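Q: Structure provided below as structure tokens; questions to follow.
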Amino acid sequence: MAEYDLTWKLGPFLDRHLVFPLMEFLSVKGVSEFCMELVPIADVTLIFQIYDETDLQRAKLELLSSTNMVDFAMDIHTSLYPDQPATTELPDRRSRVVSELKRLQTETEPIFKIFSDNEVQKQLQASRDHRTLMQFLVDNYDFRPEMLDTLYSFAKFQYECGNYSGAADYLYLHRGLVPGSDKNFLNGLWGKLASEILTQHWENALEDLNRLKEFIEANLTTSPLQALQQRTWLIHWSLFVFFNHPKGRELIIEMFLYQQPYLNALQTMCPHVLRYLATAVVINKNSRRAAMKDLVRVIQQESYTYKDPITEFLAHLYVDFDFDAAQEKLQQCAAVLENDFFLVACQNDFIENARLMIFELFCRIHQCISINMLAEKLNMTPKDAERWIVNLIRQAKLDAKIDSQQGHVVMGTQAVSPYQQLIEKTKTLSFRTQMLSINVEKKATARYSEGPSWAVSS
Amino acid sequence: MTSRFFMSDSESESESSEEEIINEQTGISAAAYVFSEDEEDTKRIVRSAKEKRYEELKNIIRSIKNYKKNKDMSNLLSSFEDLCRSYTKTLPVVQKEEGGKTPRFFIRCLAELDEFIQTVWEDKVGRKSMSKNNAKGLTTLRQKYRKYAKEYDTDLAVFRENPDRADSDAEVEKEDQDDESEDENNLMDAATFKKESSVTKSAKKFQKGSDDEEDDDDDSIDWGPDSDDETSSSDGGGGMFPLREKFLKKTTDRDDDDLKRKRKRLPRENKAKDEESDDDGGWEKVKRGSSMPMEKPKMFGKDDEINVNSVHKKLNEIMAARGKKGTDRKEQIELLHELLNVARDNTLGPAILVKVQFNIIMSVYDYNPSVSDPMKVEFWEKVVLKIDELLDMLIADPELSIGEQVTEETESLEKPPLLVRGCVLTIVDRMDEEFIKLLKACDAHSNEYIVSLRDEIRVCAIINKLLKYEEEHGMPSDICRVYLRKIEHLYYKYEPRAAKQTLGELPTTDDTSLAEMDRLCKYIYVRDNTDRLRTRAVLCHIYHMSLHDKWYEARDLMLMAHLQETIHHSDLPTQILYNRTMVQLGLCAFRHGNIKEAHNALLDIQSGGRAKELLAQGLLPQMLECVYLVSAMLIEIPYMAAHEFDARRRMISKSFHHQLKNSERQSLVGPPESMREHVVAASKAMRNGNWKQCRNLLLNDKMNAKVWDLFHEADRVRKMLGGKIQEESLRTYLFTYSHVYDSISLIKLSDMFELPHSTVHAIISKMIINEEIMASLDEPTSCLVMHRTEPSSLQSLSLQLADKLYNLVENNERVLDQKPFFTRGVQGGGYRDRREKGNWGDRRDRRDRDNQNIHRRDRCGRKWYGQEYHVKKRI
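Order-wise, the sequence lines are chains A and B. Residue numbers 1 to 458, in the UniProt record's numbering, belong to the letters of the first sequence in order. Residue numbers 1 to 875, in the UniProt record's numbering, belong to the letters of the second sequence in order.
Written out as structure tokens, the structure is:
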């Protein structure tokens, strides 16, 4: 499945630390052969190829090289080259990191003293405005504005060391005190999101994600290109959140498909994210029908730049109505999902829903289907298929009868009577007219509030 | 006219004067010299005011002689007036140098003129046959001469006593020339020309020029051009003497023979030089050293120091006259050439050379007073040469930089880093524009056009050279401009290799025009600050990609560029480019089988019947219209079948309907002849579901010759079209005849339309899902079963009423909100899409939806070009 692996495409848009989980996953899966090109956000460009487990480890070591997780790096180093002692470089760095840590700790000590104060804690909870809070701290606790930068660098350092929860806490404080115009504000937000993701606090992460999104959208000073880049990052980072948060599957559709800037970013920068969007749409029962149409259009538009079994499955099903090809792709989909870090959890959901989609489409097109054929299309045994259909009928999801003698499913009549149709058509009209008249009234009163009110009589 | 021709001559002639000087100094044998290459670095000798003045006089006298020969009275008159004027100017010099003695050559001229006037005046028969202008000129001349000659009565009397005495000093040889020497002179001239790269051309030009002059002279009273002629011819003559003189002194008999032979080889009418004849002996006497300085154009005085500053000053002096009313543009160019030679001879460094060269080019551009008329081809060629030289100079010297940002003050012509004010880009731009103008002025069918077209290679070479130069020295904005120049010479050219690359036959890493375009355009996208360059670059990029079948990339770029909204505000050439790009995009879409996109892209161009105007192109292949009509047919015919009884059916393509109606109006429809008739006949066949006939009508030898063979990969297009016809005919068939059937076997259908079973299944499935036909498939028997739920008339009427109510409410809301239509449309569309759909045959509802699909913005916000974008392009 190496050809469908997206890690190397996702990597460039993720932080180094966020790549670890992906690599961890890959080594568990024992991906034997794939190429990887990582260009993490950090300026260092790493290009390396991984062919087996040891190479994967080496890649990790590379990744770690610019972080402060020296101990981790040393572990990997020993497992990678058990016969060679660690180079002098690593212990050196370790001591440097430790001394740096000590220095920062002493610098930040007064800050934490201030924040451990109960009164301050209360204020922190109560206050919403960073300015008043800041004022309060400066007035009462000898707090200096430079301390904020110290706090930020300490948080960054903690993050680099792998202490994500600590970093998240410090960044929380930092955010509370810093105005939006601060140079570190945006970085702080990104750091906070990464920390929350890495500590797997999805609720907080979602909150941070939304905050970040608002900030990016509200910030008019960034150039369109920068905004595009930030959106692209956000799209990638949010995958962690969306596929772990219970509400994520709806939110991902909302954000990727219906928020214009993000859809644009997705189409121009990273069409490969379509896989995640497509999966989300398929496994989301509620909004599937509406979203599918839009999704299929996007997939079609981007079909020349990106395709994988999942998008092809949808294209076959909804564009060509080629059920056989769709079925074939569905089988491939299973393998792809199993090897995807984000989607592995929804594998079963996806297969089930995809089946349902095929069947639904079938029912809309056919009035009579043989169970054998259906079983084949759904990749089930005829018995299972029959049971499955019976369940559907029992749950009132399907208006159909089974002709067991001939082994057919006969669909119920679908025609809607003209009366019903007429009601359907006019139902909304009365409501809309009412709204209209209310609006007219509002406008009229607003306009003529001082003049004669002859405009509206009701 | 004449003067223009002469102008191009003057360059060569002035060069010859320069060369002759070289000759004097280096002592190279004249004969050898004549056929040798230019040598440029000899020193120039400064001339005194006397020489300058005298030469001017002599020039005029020479032209007077010329006119006398032609009996061209009106010009003679004007020359005489010039002579008087010029002599007045010379007077102070005469006073100083000659002690107030009138120069003998001047007197001789007066005397000769007197004789001439008298003979002509007495020749009554001849006078009567004169043209009105000439007769008038003669009378005036006679009067004026009498008045003027009074002052010199004594001098004339002295002269007449001894007319045969040679003129004093150095002037002798100039005055006394015989026919023989004239011939030599011509020869010399020709030889000089030969050294120019375009010998024959200039010779031809010259000849043509003098012919023209003759024609002109008869009827022109206008003084401007006349004086042009005089200066040019006299100037040329001036340069000629010493050369000839030098030449003759050293010439042996063998040389003479040789030259005569050459003369025969280069026979040339040279009326302009006729007056230079005198006897051999006259100029044999002359000492070589003394005559030389006299001949030089009067650029600098004898004692003037020639350095960068003085040349620069002189240049400014000359250029100051630029654009003024009385400025003789031709003379200006000549002066500049002289200046260039002076600068070159004195090795004043590259900066001043570049500056002068630059100004020469500008003056040549100035020469053509009308902006809309193209330059003369000869002038243009000259400019090309000059620009080429200029660029070579610039590239050769890395110390030198030229730019607009350099001001007069910061200009540094002597010390490195050398800075010169001026913009090479502009002159190249202008050259390119003039080239286009030249092409436009040609008849596209003529040979002339093809010949001119060949020059494009030279233009491209210059642009490449400039590009190379700018890439090293230029600022991003300048590089953008050069890139765009290059792009505009590149984008419309089809490169087979690039096409192969698209098909995957060549590796993508190969350097084709596509890659080149990509590189150039991307640079402009990033660096350009002016919208115009970017817009044009985008359009050219799209055009080029469309041309090479890069459909997706072209489409995406078009969508992302968002040009549809803003293109109306751009200038006309850009709008035309936009239209052309749209057409290419449409054709590309068609080749890829994206009929709808093809139709949308071509709709705007074709709908008004003003395609030629919109594309600013006189010759349009029928292909364009045919592609449009066929696309329209493939969309419209199934649509018409589906909405046959719909009262409010909408027309998708007006011009297609127009063609249909035209053919219906005919009482007798014969077999199709023209392309349109073929399409119409095919449409009718398709309407009846007769796909074979439809295909045969569109894909036959006649249509191949007219349309399809014009596509590259014509076979692929034909195959695609055949497939589309099959599919759309099937749909049309189902729409038209489904009400007759209760059920149809899919196998039968796939036999009828010769389509694979799966395709038929897919098409029908799509129709069912889209609720285009009310039917469902019976899988076990593989049949299509129709659902007939025809509403009663009451029911259908009430449904219609409901629809109308719906529209009413929508309209009301729109009025209240006063929102633009599209916003509403989007909302309405979204609303309808999510609404529960009744699944029996409410065709109207479907129709509305269809319309919206065409009209609605794409969900992803990329606004689809085409239908909803109706540009009023005025051209």
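Ideal Cβ placement from N, Cα and C applies to all residues, glycine included. In this text, all values refer to a predicted model and were calculated from it rather than measured experimentally.
Which term fits Q200 of chain A, buried or exposed, when burial requires 16 or more other beta carbons within 10 angstroms of its beta carbon?
A: Residue mapping note: residue 200 of chain A aligns to position 200 of the first sequence, counting from 1. Q200 of chain A comes out exposed.
Q: Applying a beta-carbon distance threshold of less than 7 Å, which residues of chain B neighbour C368 of chain A?
A: Numbered from its first residue, the first sequence carries residue 368 of chain A at position 368. Neighbours of C368 of chain A on chain B, chain order: D778, E779, P780.
Q: Could you spell out the range, first to last residue, of the alpha helix (DSSP H) harbouring H657 of chain B?
A: In the second sequence, counting from the first residue as 1, residue 657 of chain B sits at position 657. It spans 654-665 - the alpha helix (DSSP H) in which H657 of chain B sits, taken as one unbroken run.
Q: Kindly list the residues whose CB is nearer than 7 Å to the CB of K122 of chain A, restricted to its own chain and excluding five residues on each side of it in sequence; keep chain order.
A: Translated into positions along the first sequence, residue 122 of chain A becomes position 122. Around K122 of chain A: no qualifying Cβ.
Q: Are V311 of chain B and V342 of chain B close, meaning C-beta to C-beta below 9 Å?
A: Start at 1 with the first residue of the second sequence, and residue 311 of chain B comes out as number 311. Start at 1 with the first residue of the second sequence, and residue 342 of chain B comes out as number 342. Yes, Cβ-Cβ distance for V311 of chain B and V342 of chain B is below 9 Å.
Q: What is the residue span of the alpha helix (DSSP H) that I764 of chain B lies within?
A: Stepping through the second sequence from its first residue, residue 764 of chain B is reached at position 764. Per DSSP, I764 of chain B belongs to the alpha helix (DSSP H) from 757-769.
Q: Check each residue of the stretch 364-394 of chain A: if its Cβ is closer than 9 Å to any Cβ of chain B, include it; give the result in chain order.
A: R364, I365, H366, Q367, C368, I369, S370, M373, L374
Q: Measuring only the C-alpha atoms, how far is I605 of chain B from W708 of chain B?
A: As a position in the second sequence, residue 605 of chain B is number 605, starting the count at 1. As a position in the second sequence, residue 708 of chain B is number 708, starting the count at 1. I605 of chain B and W708 of chain B: Cα-Cα distance of roughly 20 Å.
Q: Using only the alpha-carbon positions, how far apart do R175 of chain A and L193 of chain A sit?
A: In the first sequence, residue 175 of chain A corresponds to position 175, counting from 1. In the first sequence, residue 193 of chain A corresponds to position 193, counting from 1. R175 of chain A and L193 of chain A: Cα-Cα distance of roughly 12 Å.
Q: Can you have a look at F431 of chain A and say buried or exposed, based on whether 16 or more other CB atoms are within 10 angstroms of its CB?
A: Here residue 431 of chain A corresponds to residue number 431 of the first sequence, with the count starting at 1. Answer is exposed; the Cβ neighbour count stays below 16.
Q: Comparing C-alpha positions only, which one of A:A291, A:D340, A:A334, A:E338 sits nearest to Y318 of chain A?
A: Translated into the one-based positions of the first sequence, residue 318 of chain A becomes position 318. When each option's Cα is compared against that of Y318 of chain A, the closest is A:A291.
Q: For Q564 of chain B, return the contacting residues in chain A, with the cut-off set at a CB-CB distance below 8 Å.
A: Mapped onto the second sequence, residue 564 of chain B falls at position 564. By Cβ distance, chain A contributes nothing, its closest Cβ being about 17 Å from Q564 of chain B, past 8 Å.
Q: Bridge partners for V125 of chain B per DSSP, in chain order?
A: As a position in the second sequence, residue 125 of chain B is number 125, starting the count at 1. The partner list for V125 of chain B (beta bridge, DSSP) is empty, contrary to what the question assumes.
Q: Along chain B, which residues have their Cβ under 9 Å away from the Cβ of T222 of chain A?
A: What you label residue 222 of chain A is simply residue 222 of the first sequence in a count that begins at 1. Neighbours of T222 of chain A on chain B: none; closest Cβ ~17 Å, over 9 Å.
Q: With a cut-off of 9 Å, does the C-beta of N439 of chain A fall near any C-beta of chain B?
A: Along the first sequence, one-based indexing puts residue 439 of chain A at 439. Yes - at least one Cβ of chain B is within 9 Å of the one on N439 of chain A.
Q: From the DSSP output, in three-state form, read off R387 of chain A for me.
A: In the first sequence, residue 387 of chain A corresponds to position 387, counting from 1. It is helical.
Q: Alpha carbons only, please: which of B:R676, B:E434, B:N346 is nearest the one belonging to F379 of chain B?
A: As a working note, residue 379 of chain B is residue 379 in the second sequence. Of B:R676, B:E434, B:N346, the residue nearest in Cα terms is B:E434.
Q: Would you report the Cα separation of T732 of chain B and M767 of chain B, rounded to the nearest angstrom?
A: Position 732 of the second sequence, counted from the start, is the residue given in the question as residue 732 of chain B. Position 767 of the second sequence, counted from the start, is the residue given in the question as residue 767 of chain B. Each residue's alpha carbon lies about 11 Å from the other.
Q: Beta-carbon separation of L394 of chain B and G349 of chain B under 9 Å?
A: Taking the second sequence and counting its residues from 1, one reaches residue 394 of chain B at position 394. Taking the second sequence and counting its residues from 1, one reaches residue 349 of chain B at position 349. Not a contact, by the Cβ cut-off of 9 Å.
Q: Taking just the CA atoms, how far does S776 of chain B sit from H366 of chain A?
A: Within the first sequence, numbered from 1, the residue matching residue 366 of chain A stands at position 366. Within the second sequence, numbered from 1, the residue matching residue 776 of chain B stands at position 776. Their Cα atoms are separated by approximately 5 Å.
Q: From which residue to which residue does the alpha helix (DSSP H) around V281 of chain A run?
A: Along the first sequence, read from residue 1 onward, the residue named residue 281 of chain A stands at position 281. Here the alpha helix (DSSP H) through V281 of chain A covers 274-283.
Q: How would you label H562 of chain B, buried or exposed, when you count the other beta carbons within 10 angstroms and need 16 or more for buried?
A: On the second sequence, position 562 is the one that residue 562 of chain B refers to. Classification for H562 of chain B: exposed.
Q: Let's see if you can read the secondary structure: which residues bound the alpha helix (DSSP H) around A291 of chain A?
A: Indexing the first sequence from 1 puts residue 291 of chain A at position 291. Looking at the DSSP string, the run of the alpha helix (DSSP H) that includes A291 of chain A is 288-302.
Q: Can a CB atom of chain A be found closer than 9 Å to the CB of residue 876 of chain B?
A: Lying before the first or after the last residue shown, residue 876 of chain B is absent from chain B, which here runs from 1 to 875.
Q: Would you say N812 of chain B faces chain A, with C-beta separation under 9 Å as the test?
A: Taking the second sequence and counting its residues from 1, the one referred to as residue 812 of chain B is at position 812. It does: the Cβ of N812 of chain B has a partner Cβ on chain A nearer than 9 Å.
Q: Is the stretch 661-679 of chain B close to the stretch 634-646 of chain B, with three or more CB pairs under 8 Å?
A: no
Q: When the cut-off is 9 Å and only beta carbons count, does Q795 of chain B lie next to chain A?
A: Indexing the second sequence from 1 puts residue 795 of chain B at position 795. Q795 of chain B counts as touching chain A.
Q: Short of 7 Å Cβ to Cβ, which residues in the stretch 316-336 of chain A face chain B?
A: D320, F321, D322
Q: What residues in the stretch 413-434 of chain A bring their beta carbon closer than 7 Å to a beta carbon of chain B?
A: Q414, A415, V416, P418, Q421, L422, E424, K425, T426, L429, R432, T433
Q: S674 of chain B: buried (16+ other C-beta within 10 angstroms of its C-beta) or exposed?
A: What you label residue 674 of chain B is simply residue 674 of the second sequence in a count that begins at 1. Its Cβ having fewer than 16 others within 10 Å, S674 of chain B is exposed.
Q: Out of curiosity, what's the CA-to-CA distance linking H568 of chain B and H245 of chain A?
A: Numbered from 1 along the second sequence, position 568 holds the residue referred to as residue 568 of chain B. Numbered from 1 along the first sequence, position 245 holds the residue referred to as residue 245 of chain A. Cα to Cα, H568 of chain B sits roughly 48 Å from H245 of chain A.
Q: Could you have a look at L400 of chain B and say whether DSSP puts it in helix, strand or coil?
A: Position 400 of the second sequence, counted from the first residue, corresponds to residue 400 of chain B. If DSSP states are grouped into helix, strand and coil, L400 of chain B belongs with the strands.
Q: What is the residue span of the alpha helix (DSSP H) that L353 of chain B lies within?
A: To locate residue 353 of chain B, count along the second sequence from 1; it is residue 353. Looking at the DSSP string, the run of the alpha helix (DSSP H) that includes L353 of chain B is 350-367.
Q: Note down the Cα distance separating E728 of chain B from V630 of chain B, rounded to an integer number of angstroms.
A: Here residue 728 of chain B corresponds to residue number 728 of the second sequence, with the count starting at 1. Here residue 630 of chain B corresponds to residue number 630 of the second sequence, with the count starting at 1. Approximately 12 Å, taken between the alpha carbons.
Q: What whole-angstrom Cβ distance do L141 of chain B and L77 of chain B have, given they're in contact under 8 Å?
A: The residue you call residue 141 of chain B lines up with position 141 of the second sequence. The residue you call residue 77 of chain B lines up with position 77 of the second sequence. About 5 Å separates the two Cβ atoms, so the contact holds.
Q: Using only the alpha-carbon positions, how far apart do L225 of chain A and E254 of chain A sit?
A: Counting from 1 along the first sequence, the entry for residue 225 of chain A is found at position 225. Counting from 1 along the first sequence, the entry for residue 254 of chain A is found at position 254. Each residue's alpha carbon lies about 23 Å from the other.
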